[in-house]
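Asker: Dumping the structure here so I can ask a few things about it.
Residue numbers (my numbering): 19 to 1061.
Here it is in structure tokens:
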């Protein structure tokens, strides 16, 4: 290569970074990722200069003192230069491709290095950049070597003739542009972060004779038994030689050589094809990730690659591996670290994949770009089906078209697409000027990652509409690699894509699409259906996962899908006042931004599981379990393996004031092949268990032995089944305090009902209980905002999924702020009890609707308080509300909680399958459900009782009142939530650090609560799981305990 510098611009007068036909200059052809032993990692501390525009950036000759330092890999916005900027779809710059703002922050990187003296001086030397955002020029020793863009794609430059190899230092100088024409096709719902964020490496390979690249494939015979290892090897040779292909067991499996083959190579040969037949090798699947080692050598140059034997094909219209249709239980994963952005450490990525495996996830979509190349080594090893996706998205053109048309964002997605996508696609996807840039992104994807067994699908990108440039990408991938199907959701009619792909469809529409799209009159089809995104996991969600699992089971053609998304993208930020939090859009002052939409993951920004991931694990469990009579019905939903590697245990618990273990043991599970259903006899002794309490059987399946992703006994699947008993609250001993005749003392606007050691006070002007003390211990106290210790309430702090539709609707009807008008209050004294009946009208201001409310308070001589509520709506009322129940204010010391309900985590009507009925104990802070965007959380369904006590065990216990008090007997399995945070505080808090505790314990007892859904981006709560406004009757018994 000549040492003369390139011109700074490929086309005079046009910046490289604003020229869509210039995306690579002087780069080497894309190749398989492989770092040889003769390599020098150039990561570390570099000199750094920040300029506001490219024109103000230094040149290699500039030796001024305006330089600081920066860590590579990393983003400059996370190291004190500029600020992170989050948008979902909208572009952060004016839409005028290929032009970008003149104010184009430009980071210049500089470092020196020495070529190791131990390297062969006849080597070809390459500089490799694995990820730079968004475009960059590089100079070596003052010589402009080249230019590249494609932020998540690698580039290599031949610098052999430029480098000093005699011990003198070499200077590497890189100028990185924040905005480029590539910005328009890298709009991928994530933080805009710039700089060198992946490895920079100096490589040495033999100059004269070497292996340039290789493509390994495996083919199986018609019986999917015997195999052929196929290798296409690109070579550079100066003379005749021999290329050798060797297949071996991995070292951990003994390392034995299985077979090898040698082929002569001519001096002018550039490509060699080899094949090795292999008799019945162990097959690779996501369930059985068995790998072999392949070594390729040519002269002194050798490379190696792990490979698994598997065959991917569309068979009978279904994505099949080794002849078997697979079920995708997937997630979408962005690359993100809360402190390092997309400079994600490899161990952090490995942790992600281990968490996936531990939670029954079997498939990974790389959204929406190729991840760090070594991620696939982990996926090959651990066993995951992978959809690898091109670095392509231009969703922001939708906003450029939709906003001037005032498109209704609440309208049906398909309707919005029809009026916007054809116009949006004309910017780049249909533009011939952008064809080669699109095609390059597919070339880079396929060539870098082609040898990884775990990758079973390619994807053309995401939300880039559909045009001729996608067709060119498809044609390239299909011609080069016929062994993997190709995905692209934007190709809604699957004109070229090998499957129909959809995002966030409601169940009814999804069923219709599966039944009709691409279906022939005879019912046959040639292409499957997948959901590339569903179950939007933002905040308290996703709800409704079981509905999707049911429809997956109903339609074999619907092969599963990928939850959006794996993790929140919060960036850790510390304020001057010492507060710290995981920031989202707008927290850095950026405009425009898309706020909290970046916090939509199954993991917190720390990559610790949210309740949504726990729910997903249950939904994705690979065994379908049921109890019929005295038999356990086990359906094996694995695609390949039996259940031999699992053990099964059972326990029988009697649930009351405490939990009592009545029986436990192991179950003998017969061989159950993939797809089979078998009935297993349960111990005959279970049928003889009698109890007047609720008795539940829990059966668990766990790992028999350790794996490379979990330890023995790790839980895979479970079921809980009721054996006997009724859902009555367990009896507890009555207070030991002597009882006496109740007394009623009236004074102005106040009435107090008292016994021997307790007193309950009413505000007779407003009709509320304001306090309750027993044995000198306060049990209830007045809330300053409402004036009541107990009051009906219908509001919850909106969830992310409530916010788009339901919360504004509820606020429009004033559900968040009711006034109370007392219509009457009557006190009746009788032998052994006092009854206080209030009639109030609960209503919002301004509006003409409300609840005619009758509340009956019954106090008995033992100090037990029963609260029965009768609600009847009138006026122009909403159709649904978030909840209906009571708010109670307790003293803060009552912070120890014991309950019989679903637990230990939160539960909602459409998000409860992962929770088990049991007796649990926790403190109020422990029951607070943390979300990085504060919102409703911590509800517990199917409660039989909840007890709150202080340090000496004294406190209050709530149980459902008699069935006659309830509209529906099933509602008596009530819900509760307990917190130290007021609903308003949660609602108004931007971050957890904004939450300020009340000097109280706030208890919520609910007859009904709404589900959570996925309406932040997807279907709302199923209609039957909403709280529809109507007549409600419910009641609770409150009794003191521990006295």
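For glycine and all other residues, C-beta sits at the position ideal for the given N, C-alpha and C.
Note that the structure is predicted; figures quoted are calculated from it, not measured.
Here's a check: name, in chain order, each residue in its chain whose Cβ is nearer than 6 Å to the Cβ of residue 895, leaving out the five neighbours to either side.
Answerer: Here residue 895 refers to the residue found at position 877 of the chain shown. Once the five neighbours on either side are set aside, the close Cβ partners of residue 895 are 867 and 1047.
Asker: Could you check where the beta strand (DSSP E) with residue 556 kicks off and where it finishes?
Answerer: Sequence index remark: in the chain shown, residue 556 carries index 538 (1-based). Premise fails: residue 556 is in no beta strand (DSSP E) and is neither H nor E.
Asker: Who does residue 190 pair with in a DSSP beta bridge?
Answerer: Taking the chain shown and counting its residues from 1, the one referred to as residue 190 is at position 172. DSSP lists 129 and 158 as partners of residue 190.
Asker: According to DSSP, is residue 96 helix, strand or coil?
Answerer: The sequence position of residue 96 within the chain shown is 78, counting from 1. DSSP places residue 96 in helix when its eight states are reduced to three.
Asker: How would you call residue 470, buried or exposed, if buried means at least 16 neighbouring beta carbons within 10 angstroms?
Answerer: What you label residue 470 is simply residue 452 of the chain shown in a count that begins at 1. Per the 10 Å Cβ criterion, buried.
Asker: Under the assumption that residue 780 contacts residue 1058 (Cβ atoms under 8 Å), give the Cβ distance between them as a whole number of angstroms.
Answerer: One-based indexing of the chain shown puts residue 780 at position 762. One-based indexing of the chain shown puts residue 1058 at position 1040. Rounded, the Cβ-Cβ distance is 18 Å, inconsistent with contact.
Asker: Return the chain-ordered ranges of every beta strand (DSSP E) run that is complete within the segment 912-955 and spans a minimum of 3 residues.
Answerer: For the segment 912-955, whole beta strand (DSSP E) runs of length 3 or above, ordered along the chain, are 914-921 and 934-941.
Asker: Quick check: the segment 362-371 against the segment 396-408, are at least 3 beta-carbon pairs closer than 8 Å?
Answerer: The answer is yes - the segment 362-371 touches the segment 396-408, with three or more Cβ pairs under 8 Å.
Asker: With DSSP collapsed to three states, give me the class of residue 639.
Answerer: Start at 1 with the first residue of the chain shown, and residue 639 comes out as number 621. The answer is coil: DSSP assigns residue 639 none of H, G, I, E or B.
Asker: When burial is assigned at 16 or more other CB atoms within 10 Å of the CB, is residue 1018 buried or exposed?
Answerer: Here residue 1018 refers to the residue found at position 1000 of the chain shown. Label assigned to residue 1018: buried.
Asker: Note the first and the last residue of the continuous alpha helix (DSSP H) segment covering residue 364.
Answerer: For the purposes of this step, residue 364 is identified with residue 346 of the chain shown, where counting begins at 1. Counting along the chain, the alpha helix (DSSP H) containing residue 364 begins and ends at 364-376.
Asker: Name the one or two DSSP bridge partners that residue 464 has.
Answerer: On the chain shown, residue 464 is found 446 positions in, with the first residue counted as 1. Per DSSP, none; premise fails for residue 464.
Asker: Using the C-alpha atoms, what's the distance from residue 441 back to residue 831?
Answerer: In the chain shown, the residue the question calls residue 831 occupies position 813. In the chain shown, the residue the question calls residue 441 occupies position 423. Whole-angstrom Cα-Cα distance: 39 Å.
Asker: With distances taken from CA atoms, which of 52, 31 and 197 is nearest residue 70?
Answerer: Along the chain shown, one-based indexing puts residue 70 at 52. Of the candidates 52, 31 and 197, the one whose C-alpha sits nearest the C-alpha of residue 70 is 197.
Asker: What is the DSSP secondary structure of residue 842, reduced to helix, strand or coil?
Answerer: Numbered from 1 along the chain shown, position 824 holds the residue referred to as residue 842. The answer is strand: DSSP assigns residue 842 an E or B state.
Asker: With three or more C-beta pairs closer than 8 Å as the rule, is the segment 495-507 touching the segment 525-544?
Answerer: With a cut-off of 8 Å, the segment 495-507 and the segment 525-544 do not count as touching, because too few Cβ pairs lie within range.
Asker: Suppose contacts are defined by Cβ-Cβ distances below 8 Å. Is residue 995 in contact with residue 956 by that definition?
Answerer: As a working mapping, residue 995 is identified with position 977 in the chain shown. As a working mapping, residue 956 is identified with position 938 in the chain shown. Cβ atoms of residue 995 and residue 956: closer than 8 Å.
Asker: Is the segment 177-185 touching the segment 65-83, taking contact as three or more C-beta pairs under 8 Å?
Answerer: Contact between the segment 177-185 and the segment 65-83 is absent, because fewer than three Cβ pairs lie under 8 Å.
Asker: Going by DSSP, name the residue or residues bridged to residue 301.
Answerer: Against the chain shown, residue 301 aligns to sequence position 283. Bridge partners of residue 301: 327.
Asker: What's the call for residue 646, buried or exposed, on a 16-neighbour Cβ count within 10 Å?
Answerer: Position 628 of the chain shown holds residue 646. The residue is exposed, with fewer than 16 neighbouring Cβ atoms inside 10 Å.
Asker: For residue 663, does the count of other Cβ atoms within 10 angstroms reach 16, so buried, or fall short, so exposed?
Answerer: Stepping through the chain shown from its first residue, residue 663 is reached at position 645. Exposed, by the Cβ-count rule.
Asker: By the three-class DSSP mapping on this structure, what secondary structure does residue 289 have?
Answerer: Numbered from its first residue, the chain shown carries residue 289 at position 271. Of the three classes helix, strand and coil, the one that applies to residue 289 here is strand, per DSSP.
Asker: Within a Cβ cutoff of 7 Å, which residues of the same chain sit near residue 89, ignoring the five residues on either side of it in sequence?
Answerer: Indexing the chain shown from 1 puts residue 89 at position 71. 63 and 97.
Asker: For residue 291 and residue 212, I'd like the C-alpha separation in whole angstroms.
Answerer: Taking the chain shown and counting its residues from 1, one reaches residue 291 at position 273. Taking the chain shown and counting its residues from 1, one reaches residue 212 at position 194. Approximately 41 Å between the Cα atoms of the pair.
Asker: When you compare each of 314, 708, 345 and 687 to residue 261 by their alpha carbons, which one comes out closest?
Answerer: Residue mapping note: residue 261 aligns to position 243 of the chain shown, counting from 1. For residue 261, the nearest C-alpha among the options comes from 314.
Asker: Helix, strand or coil for residue 394? Go by DSSP, reduced to three states.
Answerer: Looking up residue 394 in the chain shown gives position 376. Three-state result, residue 394: helix.
Asker: By Cβ distance below 6 Å, which residues in the same chain neighbour residue 191 in space, the five residues on each side in sequence not counted?
Answerer: Locating residue 191 in the chain shown gives position 173, where the first residue counts as 1. Cβ neighbours of residue 191 beyond the five flanking positions: 78, 128 and 157.
Asker: According to the Cβ coordinates, are residue 312 and residue 245 closer than 8 Å?
Answerer: Residue numbering aside, residue 312 sits at position 294 when the chain shown is read from its first letter. Residue numbering aside, residue 245 sits at position 227 when the chain shown is read from its first letter. Against a cut-off of 8 Å, the Cβ pair of residue 245 and residue 312 comes out as no contact.
Asker: With DSSP run on the structure shown, which of helix, strand or coil describes residue 669?
Answerer: As a working note, residue 669 is residue 651 in the chain shown. Strand at residue 669.
Asker: Where does the unbroken beta strand (DSSP E) through residue 307 begin, and where does it stop?
Answerer: The count along the chain shown starts at 1 and reaches residue 307 at position 289. It is not in any beta strand (DSSP E) - residue 307 carries neither H nor E in the DSSP assignment.
Asker: If you count every other CB in all the chains shown that lies within 10 Å of the CB of residue 901, and 16 or more means buried, which is it?
Answerer: Locating residue 901 in the chain shown gives position 883, where the first residue counts as 1. By the neighbour-count rule (16 or more Cβ atoms within 10 Å), residue 901 is buried.
Asker: Express the C-alpha separation of residue 923 and residue 403 in angstroms, rounding to a whole number.
Answerer: Here the question's residue 403 lines up with position 385 in the chain shown. Here the question's residue 923 lines up with position 905 in the chain shown. The straight-line gap from Cα to Cα measures roughly 30 Å.
Asker: Can at least three beta-carbon pairs, one atom from the segment 610-626 and one from the segment 684-697, be found at a separation below 8 Å?
Answerer: Taking 8 Å as the limit for Cβ pairs, the verdict is that the segment 684-697 does not touch the segment 610-626.
Asker: Using only the alpha-carbon positions, how far apart do residue 1004 and residue 818 sit?
Answerer: As a working mapping, residue 1004 is identified with position 986 in the chain shown. As a working mapping, residue 818 is identified with position 800 in the chain shown. Cα to Cα, residue 1004 sits roughly 12 Å from residue 818.
Asker: Is it the case that the Cβ atoms of residue 1074 and residue 223 are separated by a distance below 8 Å?
Answerer: The chain is shown only over 19 to 1061; residue 1074 falls outside these bounds and no answer can be derived.
Asker: Comparing C-alpha positions only, which one of 521, 520 and 505 sits nearest to residue 514?
Answerer: Here residue 514 corresponds to residue number 496 of the chain shown, with the count starting at 1. Considering only alpha carbons, the answer is 505.
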